[in-house]
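The structure under discussion appears below in the form of C-alpha cells.
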Amino acid sequence: MDAALAAANFVRFDNSVVTDAGLISASLGTATSPALLLPPGWLLLCAFAFAVGAAFCVLLRLVSNTCGFCSCGQTDYSLDFPTLSSVELLEQGSMDEASKGGPGRAKRGGSHQESECKFRARLEKIATADGWPCGRSASASDGEGTQGWHPQLDEDEPWQVSAQRFSKLLTSGYLALDEVLGNGMRDFFAAHRVLAESLCGSLGIRLTVQFNLFAGTVLATGSPEQIAALGAAHEQGEAGCFLLTERGAGVVSGLVVETIATWTPEGFKLHSPGPDSEKVWISQGLAARWGVVIARLIDASGKDQGPQGFLLDMTTCGVSRKDMGAKTSFNSLDNACVSFDNVMMPHSTLLSRYGDTRPDGTFHAKGNHGAPTFQIVAQRLLSGRICISDAAITYFSTVLRDCEAYAGRRLVYVSQDQQTTLRSLPYMAATFDRLHAGLTVHRHFIQWLQDEFAVRLDTALEHGNDKESRELINLIAASKVEAVEFAINAVHLLRRNVGSYGLMQDSPFGSRNEILFCCRFAEGDSRVLQQMLTRDLVKRHSSYSQLAALVASTLRDNIACTVGIASPTKRMLLLRNKLLLRLIRFLHLQTRQNMNGGKMSKRDARLRAWLDAGDAIYDLAKVHAQALIHAQIVKRYGTTTDSERFASIANSACEVCQQY
Ligand SMILES: Cc1cc2nc3c(=O)[nH]c(=O)nc-3n(C[C@H](O)[C@H](O)[C@H](O)COP(=O)(O)OP(=O)(O)OC[C@H]3O[C@@H](n4cnc5c(N)ncnc54)[C@H](O)[C@@H]3O)c2cc1C
Numbered sequence: 022m023d024a025a026l027a028a029a030n031f032v033r034f035d036n037s038v039v040t041d042a043g044l045i046s047a048s049l050g051t052a053t054s055p056a057l058l059l060p061p062g063w064l065l066l067c068a069f070a071f072a073v074g075a076a077f078c079v080l081l082r083l084v085s086n087t088c089g090f091c092s093c094g095q096t097d098y099s100l101d102f103p104t105l106s107s108v109e110l111l112e113q114g115s116m117d118e119a120s121k122g123g124p125g126r127a128k129r130g131g132s133h134q135e136s137e138c139k140f141r142a143r144l145e146k147i148a149t150a151d152g153w154p155c156g157r158s159a160s161a162s163d164g165e166g167t168q169g170w171h172p173q174l175d176e177d178e179p180w181q182v183s184a185q186r187f188s189k190l191l192t193s194g195y196l197a198l199d200e201v202l203g204n205g206m207r208d209f210f211a212a213h214r215v216l217a218e219s220l221c222g223s224l225g226i227r228l229t230v231q232f233n234l235f236a237g238t239v240l241a242t243g244s245p246e247q248i249a250a251l252g253a254a255h256e257q258g259e260a261g262c263f264l265l266t267e268r269g270a271g272v273v274s275g276l277v278v279e280t281i282a283t284w285t286p287e288g289f290k291l292h293s294p295g296p297d298s299e300k301v302w303i304s305q306g307l308a309a310r311w312g313v314v315i316a317r318l319i320d321a322s323g324k325d326q327g328p329q330g331f332l333l334d335m336t337t338c339g340v341s342r343k344d345m346g347a348k349t350s351f352n353s354l355d356n357a358c359v360s361f362d363n364v365m366m367p368h369s370t371l372l373s374r375y376g377d378t379r380p381d382g383t384f385h386a387k388g389n390h391g392a393p394t395f396q397i398v399a400q401r402l403l404s405g406r407i408c409i410s411d412a413a414i415t416y417f418s419t420v421l422r423d424c425e426a427y428a429g430r431r432l433v434y435v436s437q438d439q440q441t442t443l444r445s446l447p448y449m450a451a452t453f454d455r456l457h458a459g460l461t462v463h464r465h466f467i468q469w470l471q472d473e474f475a476v477r478l479d480t481a482l483e484h485g486n487d488k489e490s491r492e493l494i495n496l497i498a499a500s501k502v503e504a505v506e507f508a509i510n511a512v513h514l515l516r517r518n519v520g521s522y523g524l525m526q527d528s529p530f531g532s533r534n535e536i537l538f539c540c541r542f543a544e545g546d547s548r549v550l551q552q553m554l555t556r557d558l559v560k561r562h563s564s565y566s567q568l569a570a571l572v573a574s575t576l577r578d579n580i581a582c583t584v585g586i587a588s589p590t591k592r593m594l595l596l597r598n599k600l601l602l603r604l605i606r607f608l609h610l611q612t613r614q615n616m617n618g619g620k621m622s623k624r625d626a627r628l629r630a631w632l633d634a635g636d637a638i639y640d641l642a643k644v645h646a647q648a649l650i651h652a653q654i655v656k657r658y659g660t661t662t663d664s665e666r667f668a669s670i671a672n673s674a675c676e677v678c679q680q681y
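What follows is the structure in C-alpha cells.
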C-alpha cells in the first residue's frame, strides 16, 4: 500500500514513477550503494535473511490485532494503553493537589467545565426571560451538553429578530468585556462553546464577531480613550462588526487590501477605490452601529503605512451597506456588503496603541517594531480560529450524541430470527470508536491551545518573538483546519451509515450542518492555512544540514516500518517526512525547469513550481497538522488509546478510514 501511495504521489509530481529508494539516493547525491561493495556470497546471505525477515513481518501483521473497521491493516491499539479521559482524570487529581499547594502542574483559573456551567445557566436565564422558543430533550439530558434545556431557534428567522436577541445577550451580561482578554479568554471560549452546543449558530457567529473580532481588536490595539468608548457602546447593547474581507482579495484579504484611509488635516478620508475593494461577508454588518475597518493608511507624506485598524461609526455619511443576498442557511445572520465614498473620520479613529499620526500627518510607531504589522492589527483572527475549531468540534459532538442514541435504539436483523442494535454492528462500533477518539483528541488539544493562547500569544506578539508566535500560529492553524475537516467528514460518514434517519427533520442532519462550512471558510480558509503550514515546514528545512537530518530520520524510520516495529506515531512522522522530501525535491526540480535557462525569473519560477505542486502541498499539510496535534497530546498526556487511534487514522490510506 505504501509503495502504491508513493508511486501515485510521484506520478502526480513529475509524471515518472520513482521509488522511495530512488528519492533518498537522489536527495543524498550520487553515493555508491553499500550493497555493491559486498562479495557475492554475502550478498546472497543478506538477500536470504531479508526474505526470511520480510516473510516473518507479513506473518506478524496477519496475526496481529488489525483494524476491525475495514481491511486496511491498521493495528488497533485499543487494549494497550489507557484512554485519554482516564489519564486526564489522574492529571485532574494532581492539578487539584497543585491548587492546594501539592505537587504537579499549577492550575490556571477555573476549569473549562466550570466556565461552561456558568454560561449554560446564564443563557437559560436570559433566554427564558426574553421568551426564546426552547425545548427539553431526553437525549440531551443523559449526556454531556445542554442538560435537558435547549433553545430552538430558527436559523432563518429575520435578521432583525436575531440582532435583537443578541442585543439582549449584551445588555443582560451574558459575557463581560473583560472576559475577552488574557486569562478571561477561557470564559469567552466557553461562552461561545455553549452557543455551539445549544445549536445557536447565528448567535455564535455574532458573539465571536462582537467580542473577539470587534471588541477584542479595540481592546488589544486601541488607545485608553477608544477602550472607554467601547465600554459605553457595550453598555448600550450596540453591535459592532469587523470589516476586513474585500470582494477582489477574498481569502487573501489582509495580504491584499485596497480600501484606503488617507490622512488630511480634517481627518482620515476612507474610500473604496473600485468594486473589488468593497467589503463583503461582513457579519452583523447591517445591525452594527460600530465597526473596526481595515484600510491602508496613507500618511501626509503619501507613504503607505500598510493595513491599519480604524474605529468607525457605521452611520457616518458616505458609508453604504446592503444585504449580500440570500444564503443556503443562516439567513438570521446579516452578512453585508459595505463600501465607502470619501467618508471623513476624525484622527482619533485610528486604533493607536502601536502607532499614531502626529499633528503634521506623519506616522510614528509606538514601541520598537516599526509600523504595526498585519499580524498585530488583525491578531484577533487567531483567537477567532481557536473559537471556530472549538465550535466545529462541539457542534459535531451533538451530532455524534444524537446518532449514537439513535443507533443504540434501532434494531436491525442479522438473520431471519435474530436482531441486534445498529450501534453494535462491528463496522458501526468501530466507526463510533474512531469518532470518539478523534473527538477526544481534538477537544483536548483545543482546550490546551486555549490555555496557551491566553498566556503566550500577547507576550510573543508584543515582544516581537517571531519564533514563539509563529509556532503558536501554526498550532492554531493546524487545529482549525483539522478540527473542521474532521467534523465535516465525520458528519458525512454518520449520515451515510444511519440509513433513512439521516433524511428526517428531527435527525441532526440537513442545513444546520452548514455551520461547519461557515467554520471552514471564515477567519482563514482551510486551504490558505494549509499552504502556510507547508510553507513554514519547507522553510525550516532549507539548509543542507536540516535536509541531511531529515533524510537520516526518514531512512531510520523507513527501516523500522519495513520490519514492522514502528508505532502508529512513527509511521505518521515517516509519512510526513516522505511527503516533505518529495515536495522539496519537486520544488527544486520544477523551479530549475521553469527557469529554463533564464526565460523566467527565479521568483516567478518558484511561484509557478509552488502552484504546480498542487495536492502535494495539501497532503503534506494534512499529515503535518495531525502530527502537530498528536505531538502535543502525547507530550501532555502520554501515549493513550485515543492518541494511537488518531495516529493510525492519519496514516491510513484507506478511503473509509480517511473519512473517520
Ligand atoms: C459565515 C461567514 C462570516 C464571515 N464574516 C466575516 C466578517 O465578519 N468580516 C470579514 O471581514 N469577513 C467575514 N467573512 C469572510 C471570510 O473570512 C472569507 O474571507 C471569505 O469567506 C472569503 O470567501 P471568498 O468566497 O471570497 O473566497 P475566494 O477568495 O473566492 O476563494 C474561493 C476558493 O478559492 C480558494 N483559493 C483562493 N485563493 C487561493 C490560493 N491562493 N491558493 C489556493 N486556494 C485559493 C479558496 O481556498 C476557496 O476555496 C465571513 C465568511 C463567512 C462564510
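Each number in the working numbering comes from the position in the sequence shown (counting from 1) with 21 added on. Cβ coordinates follow ideal geometry from the N, Cα and C atoms, glycine included. Note that the structure is a prediction, hence the values are computed from the model and not measured.
Rounded to whole angstroms, what is the Cα-Cα separation between residue i and residue j?
{"i": "Y522", "j": "Q231", "result": "37 Å"}
{"i": "R666", "j": "D636", "result": "25 Å"}
{"i": "H152", "j": "C138", "result": "For the sequence presented, residue 152 should be read as Gly rather than His. Roughly 21 Å separates the two Cα atoms."}
{"i": "G222", "j": "F351", "result": "8 Å"}
{"i": "R431", "j": "K643", "result": "35 Å"}
{"i": "P245", "j": "E135", "result": "32 Å"}
{"i": "L291", "j": "L198", "result": "28 Å"}
{"i": "Q185", "j": "G271", "result": "29 Å"}
{"i": "Y658", "j": "L105", "result": "7 Å"}
{"i": "S669", "j": "I281", "result": "49 Å"}
{"i": "R548", "j": "A508", "result": "16 Å"}
{"i": "E473", "j": "D454", "result": "29 Å"}
{"i": "N356", "j": "R214", "result": "22 Å"}
{"i": "W631", "j": "L608", "result": "7 Å"}
{"i": "V559", "j": "L604", "result": "8 Å"}
{"i": "T661", "j": "A450", "result": "19 Å"}
{"i": "S274", "j": "G545", "result": "10 Å"}
{"i": "N495", "j": "L514", "result": "28 Å"}
{"i": "P393", "j": "K324", "result": "15 Å"}
{"i": "V655", "j": "L571", "result": "22 Å"}
Our contact map puts residue i next to residue j with C-beta atoms below 8 Å; I'd like the distance itself, whole angstroms only.
{"i": "A498", "j": "L550", "result": "4 Å"}
{"i": "D177", "j": "L196", "result": "Rounded, the Cβ-Cβ distance is 25 Å, inconsistent with contact."}
{"i": "H562", "j": "L601", "result": "7 Å"}
{"i": "A671", "j": "M593", "result": "5 Å"}
{"i": "S588", "j": "V462", "result": "16 Å between Cβ atoms; not a contact."}
{"i": "S306", "j": "V359", "result": "It should be pointed out that residue 306 corresponds to Gly in this sequence rather than to Ser. 6 Å between Cβ atoms; contact."}
{"i": "R342", "j": "P296", "result": "15 Å between Cβ atoms; not a contact."}
{"i": "A412", "j": "C582", "result": "With a Cβ gap of about 37 Å, A412 and C582 do not count as contacting."}
{"i": "S183", "j": "L354", "result": "7 Å"}
Kindly indicate the opening and closing residues of the beta strand (DSSP E) around residue i.
{"i": "S683", "result": "For residue 683 there is no data in the structure shown, the boundaries of the chain being 22 and 681."}
{"i": "V215", "result": "Careful: V215 lies outside any beta strand (DSSP E), inside the alpha helix (DSSP H) at 206 to 218."}
{"i": "D325", "result": "325 to 334"}
{"i": "S683", "result": "Nothing about residue 683 can be read from this structure; the chain reaches only from 22 to 681."}
Cβ of residue i less than 9 Å from any chain B Cβ?
{"i": "A241", "result": "In the structure shown, chain B does not exist; there is a single protein chain."}
Can you tell which of the options has its C-alpha closest to the C-alpha of residue i?
{"i": "R379", "options": "K290, T285, W302", "result": "T285"}
{"i": "Y434", "options": "A426, Q526, L443, G327", "result": "L443"}
{"i": "E200", "options": "G327, G237, Q181", "result": "G237"}
{"i": "L191", "options": "P296, R141, G261, M449", "result": "G261"}
{"i": "A648", "options": "N598, Q396, S274", "result": "N598"}
{"i": "S490", "options": "L403, L571, E503, L332", "result": "L403"}
{"i": "N510", "options": "T452, E267, L493, R227", "result": "T452"}
{"i": "S322", "options": "I467, D381, Q247", "result": "D381"}
{"i": "H645", "options": "L251, K656, L595", "result": "L595"}
{"i": "V314", "options": "D355, G243, L632", "result": "G243"}
{"i": "K623", "options": "D633, L632, T612", "result": "T612"}
{"i": "R141", "options": "D557, V301, L240, L220", "result": "L220"}
{"i": "L144", "options": "G205, I586, P179, E218", "result": "E218"}
{"i": "N204", "options": "R629, V572, A475", "result": "A475"}
{"i": "I467", "options": "L228, F210, A308", "result": "F210"}
{"i": "A364", "options": "F331, D344, M345", "result": "The amino acid occupying residue 364 in the given sequence is Val; Ala does not appear at that position. For the residues F331, D344, M345, the minimum Cα distance to V364 belongs to F331."}
Locate the alpha helix (DSSP H) running through residue i, then write down its first and last residues.
{"i": "P245", "result": "245 to 256"}
{"i": "D557", "result": "547 to 560"}
{"i": "N602", "result": "Checking the sequence, you will find Leu at residue 602 rather than Asn. Looking at the DSSP string, the run of the alpha helix (DSSP H) that includes L602 is 589 to 616."}
{"i": "R577", "result": "565 to 583"}
Should residue i be counted as a contact of ligand 2 given a C-beta to heavy atom distance under 8 Å?
{"i": "E544", "result": "With respect to small molecules bound, the structure shown includes ligand 1 and not ligand 2."}
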